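Chains as they are written, first to last, in this note's numbering: chain R, 1 to 152; chain P, 1 to 381.
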């Protein structure tokens with residue numbers, strides 16, 4: 001039986017989210033670093049993208065902390081309430097990568113959410129680095145799913 | 001950094017040229033084609049990619065050190081999307097022939113009779129790996145000789161199910177993912193209480209990912225197909241297991257695959273048959289399945305039942321059934337009162353009954369039915 005239907009659906013979910021996260025991060029970075037094209041961005045565009053990233057981070061926080069609580073670590077983090085749907089494999093990938101320092105990673109995520117909520121100017125280099133890492137993780141995840149189309 | 005910027009620019013220009021070339025091929029196939037609307041749809045998808053490439057190349061901040069990684073990521077997504085078009089819909093369009101026309105009409109008849117709420121998919125007889133769907137391009141590929149037979153056609157309903165699931169995921173899932181998370185959580189807690197090794201926690205995380213990212217799609221497509229074509233889909237699934245996928249208890253606990261096990265899929269089909277009120281048919285399918293298992297002597301691996309508990313299969317069947325009703329699909333049970341000259345859903349079930357009750361005459365009966373079906377389709381042209 002063909003795997004293409006499942007792969008196609010999995011890829012679609014992952015690639016749409018990867019594109020949305022990447023596009024949003026480009027807008028945020030353009031504003032934060034005051035790059036030449038930032039003057040063409042509307043307030044609405046900036047606000048929507050900032051809110052989208054907040055939702056993604058909250059969802060990630062909720063997903064990882066739920067799993068973390070079942071392990072020995074007890075982490076006190078609020079549940080996610082956002083509409084963003086994160087693929088299970090992305091959560092698993094990030095969790096595995098951060099396994100040895102999970103409590104600190106969750107605290108960093110929480111801090112990045114707080115800063116984004118306060119405004120783009122409040123973002124620190126480490127917040128942006130965390131966002132870049134998340135963007136890289138979903139890019140790798142998406143590319144690896146896409147490879148299943150031609151490495152079947 | 002300048003070198004990297006030049007690389008990105010060069011790759012972007014090359015991708016744009018490739019996009020224009022694909023649009024050129026599509027354009028050349030448009031005139032007078034049976035599938036002109038489909039070609040236009042794919043042309044516009046390619047044009048959307050072209051516009052996004054131009055936007056990327058025209059960004060005043062292209063190559064900026066702060067953004068270069070994100071710009072490469074954006075380029076990758078565009079290259080992937082264009083490759084999808086080149087690998088799937090484009091060959092289906094360029095090879096479109098009489099067989100594809102017939103298969104498309106068969107799919108159109110199914111779509112009309114089940115009140116399929118989307119545009120009819122393009123069906124192409126070029127598959128090298130059984131049936132398959134590429135939902136974003138409403139494309140279904142089937143093996144090259146399928147137009148000569150009836151017994152595999154219920155799998156067309158499964159592929160239509162993939163496209164429906166992709167378009168109405170929320171309607172089909174309902175609260176299922178919440179039930180899934182609760183199950184995984186309760187299992188993990190049980191293992192901790194029982195003092196199981198910590199590695200089990202990771203296995204449950206993986207199990208949740210398999211269900212969430214892959215298996216739910218496959219189960220839901222099976223259930224949608226069962227809603228549409230009833231017991232014939234169960235029989236076609238048993239046929240698939242007997243002929244191409246006899247390792248019916250794989251994947252088991254801790255294993256990974258795009259598809260859940262053949263055994264769990266039969267339970268999903270039976271759960272949906274019960275939901276649509278076909279209890280007797282569900283018993284017949286279950287009985288035939290158990291006899292098959294007994295004949296091949298297949299045994300469940302250790303901890304297999306943890307992967308596919310009935311509680312999850314029943315929960316998903318409930319949600320998918322609600323989704324089918326919500327989007328207005330007609331169930332197989334309601335097809336049996338159809339006044340159509342040929343009701344394809346009824347015919348596919350009759351085909352299975354005839355094969356199993358009158359095996360020696362089946363081939364003759366089937367070729368007569370296909371002839372009648374072709375005449376019916378040609379009359380409707």
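All C-beta atoms in this analysis are idealised placements derived from N, C-alpha and C, irrespective of residue type, glycine included. Being a predicted model, the structure only gives us computed values, none of them experimental.
Applying the criterion that 16 or more other CB atoms from any shown protein chain within 10 Å of the CB defines a buried residue, is residue 241/P buried or exposed?
Sequence index remark: in the second chain, residue 241/P carries index 241 (1-based). The residue is buried, with at least 16 neighbouring Cβ atoms inside 10 Å.
Do you know how far the Cα of residue 195/P is from the Cα of residue 74/R?
Position 74 of the first chain, counted from the start, is the residue given in the question as residue 74/R. Position 195 of the second chain, counted from the start, is the residue given in the question as residue 195/P. The predicted model places residue 74/R with a pLDDT of 39, which falls under 50 and marks its position as unreliable; any figure quoted below should be read in that light. Rounded to whole angstroms, residue 74/R to residue 195/P spans 18 Å at the Cα level.
Considering only C-alpha positions, which residue in the set 353/P, 208/P, 165/P, 72/P is nearest to residue 91/R?
Along the first chain, read from residue 1 onward, the residue named residue 91/R stands at position 91. Nearest of 353/P, 208/P, 165/P, 72/P to residue 91/R, Cα basis: 208/P.
Starting from residue 233/P, find everything on chain R with Cβ-Cβ shorter than 8 Å and list it in chain order.
Residue 233/P sits at position 233 when you count from the first residue of the second chain. Ordered by position in chain R, no residue passes the 8 Å Cβ test against residue 233/P, which lies about 14 Å from the chain.
Kindly give me the distance between the Cβ atoms of residue 316/P and residue 225/P, rounded to whole angstroms, as I take these residues to be in contact under 8 Å.
One-based indexing of the second chain puts residue 316/P at position 316. One-based indexing of the second chain puts residue 225/P at position 225. Not really, about 14 Å apart at Cβ, beyond 8 Å.
Determine the chain P residues that contact residue 55/R at a beta-carbon separation under 7 Å, and present them in chain order.
For the purposes of this step, residue 55/R is identified with residue 55 of the first chain, where counting begins at 1. Per Cβ cutoff of 7 Å: no residues; residue 55/R is ~17 Å from chain P at best.
If distances are taken between C-alpha atoms only, which option among 111/P, 84/P, 263/P, 131/P comes closest to residue 137/P?
In the second chain, counting from the first residue as 1, residue 137/P sits at position 137. If we check each option's Cα against that of residue 137/P, 84/P comes out closest.
Answer with yes or no whether the minimum CB distance from residue 298/P to chain R is below 7 Å.
Residue 298/P sits at position 298 when you count from the first residue of the second chain. Closer than 7 Å: no.
With a threshold of 16 other CB atoms inside 10 Å of the CB of residue 36/P, please say whether the residue is buried or exposed.
What you label residue 36/P is simply residue 36 of the second chain in a count that begins at 1. Residue 36/P should be labelled exposed.
Throw me the rounded Cβ distance for the residue 114/P and residue 330/P pair, which I believe falls under 8 Å.
Sequence index remark: in the second chain, residue 114/P carries index 114 (1-based). Sequence index remark: in the second chain, residue 330/P carries index 330 (1-based). At roughly 5 Å, the Cβ-Cβ gap stays under 8 Å, so residue 114/P and residue 330/P are in contact.
Could you check whether the stretch 248-258 of chain P touches the stretch 290-305 of chain P, counting it as contact only if at least three pairs of C-beta atoms, one from each stretch, sit closer than 8 Å?
The stretch 248-258 of chain P vs the stretch 290-305 of chain P: in contact.
For residue 236/P, count the other beta carbons within 10 Å of its own beta carbon; 16 or more makes it buried, fewer makes it exposed. Which is it?
As a working mapping, residue 236/P is identified with position 236 in the second chain. Burial call: buried.
What separation, rounded to the nearest whole angstrom, lies between the Cα atoms of residue 277/P and residue 333/P?
The residue you call residue 277/P lines up with position 277 of the second chain. The residue you call residue 333/P lines up with position 333 of the second chain. Straight-line Cα distance between these residues: approximately 8 Å.
According to DSSP, is residue 122/P helix, strand or coil?
Residue numbering aside, residue 122/P sits at position 122 when the second chain is read from its first letter. Here residue 122/P sits in strand by DSSP.
Quick one: Cα of residue 295/P to Cα of residue 264/P, how far?
Start at 1 with the first residue of the second chain, and residue 295/P comes out as number 295. Start at 1 with the first residue of the second chain, and residue 264/P comes out as number 264. Near 18 Å, if we compare the C-alpha coordinates of residue 264/P and residue 295/P.
Residues of chain P with CB closer than 8 Å to the CB of residue 92/R, please, in chain order.
Here the question's residue 92/R lines up with position 92 in the first chain. By Cβ distance, chain P contributes 205, 206, 209.
By how many angstroms is the C-alpha of residue 262/P removed from the C-alpha of residue 244/P?
For the purposes of this step, residue 244/P is taken as the residue at position 244 of the second chain. For the purposes of this step, residue 262/P is taken as the residue at position 262 of the second chain. C-alpha separation (whole angstroms): 11 Å.
Please name the residue, chosen from 223/P, 147/P, 95/P, 377/P, that lies closest to residue 161/P on a Cα-to-Cα basis.
The sequence position of residue 161/P within the second chain is 161, counting from 1. The shortest Cα separation from residue 161/P among 223/P, 147/P, 95/P, 377/P belongs to 223/P.
In the DSSP assignment, what are the bridge partners of residue 139/P?
If you number the second chain from 1, residue 139/P lands on position 139. Residue 139/P pairs with 122/P, 134/P.
DSSP three-state call for residue 256/P: helix, strand or coil?
Start at 1 with the first residue of the second chain, and residue 256/P comes out as number 256. Of the three classes helix, strand and coil, the one that applies to residue 256/P here is coil, per DSSP.
Does the beta carbon of residue 80/P come closer than 7 Å to any beta carbon on chain R?
Position 80 of the second chain, counting from 1, holds the residue named residue 80/P. It does: the Cβ of residue 80/P has a partner Cβ on chain R nearer than 7 Å.
Could you have a look at residue 298/P and say whether DSSP puts it in helix, strand or coil?
Here residue 298/P corresponds to residue number 298 of the second chain, with the count starting at 1. Coil, per DSSP.
Using only the alpha-carbon positions, how far apart do residue 267/P and residue 275/P sit?
For the purposes of this step, residue 267/P is taken as the residue at position 267 of the second chain. For the purposes of this step, residue 275/P is taken as the residue at position 275 of the second chain. Answer to the nearest angstrom: the Cα atoms are 12 Å apart.
Counting only beta-carbon atoms, is residue 65/P nearer than 7 Å to chain R?
For the purposes of this step, residue 65/P is taken as the residue at position 65 of the second chain. No, residue 65/P lies away from the interface with chain R (no Cβ there is under 7 Å from its Cβ).
Smallest Cα separation from residue 323/P: which of 29/P, 175/P, 229/P, 348/P?
As a first step, residue 323/P is located in the second chain; it is residue number 323 there, counting from the start. Measuring from the Cα of residue 323/P, the nearest candidate turns out to be 175/P.
For chain P, find out if any of its Cβ atoms is closer than 7 Å to the Cβ of residue 144/R; answer yes or no.
By one-based count along the first chain, residue 144/R stands at place 144. Not closer than 7 Å to any Cβ of chain P, the Cβ of residue 144/R fails to qualify, so no.
Are the C-beta of residue 83/R and some C-beta of chain P separated by less than 7 Å?
In the first chain, counting from the first residue as 1, residue 83/R sits at position 83. Closer than 7 Å: no.
Does any residue of chain P bring its CB to less than 7 Å from the CB of residue 60/R?
To locate residue 60/R, count along the first chain from 1; it is residue 60. No, residue 60/R lies away from the interface with chain P (no Cβ there is under 7 Å from its Cβ).
Output, in sequence order along the chain, the residues in the stretch 3-30 of chain R whose CB is closer than 7 Å to any CB in chain P.
Flagged, chain order: 3, 4, 5, 6, 7, 8, 9, 10, 12, 15, 18, 19, 22, 25, 26, 29, 30.
Please return the same chain residues whose Cβ sits closer than 6 Å to the Cβ of residue 148/R, not counting the five positions on each side in sequence.
Translated into the one-based positions of the first chain, residue 148/R becomes position 148. Only 7 meet the Cβ criterion.
Along chain P, in chain order, which residues have C-beta atoms closer than 8 Å to that of residue 37/R?
What you label residue 37/R is simply residue 37 of the first chain in a count that begins at 1. By Cβ distance, chain P contributes 59, 60, 61.
Once you ignore the five residues that flank residue 23/P on each side, which residues in its own chain have a CB closer than 8 Å to its CB?
Here residue 23/P refers to the residue found at position 23 when the second chain is read from its first residue. 43, 46, 47, 50, listed in sequence order.
Measuring only between beta-carbons, confirm whether residue 33/R sits less than 7 Å from chain P.
In the first chain, the residue the question calls residue 33/R occupies position 33. It does; some Cβ of chain P falls within 7 Å.
Near residue 25/R, which residues of its chain fall below 6 Å by C-beta distance, leaving aside the five closest residues on each side in sequence?
On the first chain, position 25 is the one that residue 25/R refers to. So the qualifying residues of the chain are 131, 135.
Please state whether DSSP places residue 128/P in a helix, a strand or coil.
Your numbering for residue 128/P matches position 128 in the second chain. Three-state DSSP puts residue 128/P in coil, outside helix and strand.
Anything in chain P within Cβ reach of residue 89/R, meaning under 7 Å, just list it in chain order.
What you label residue 89/R is simply residue 89 of the first chain in a count that begins at 1. Near residue 89/R (Cβ distances below 7 Å), the residues of chain P are 209, 213.
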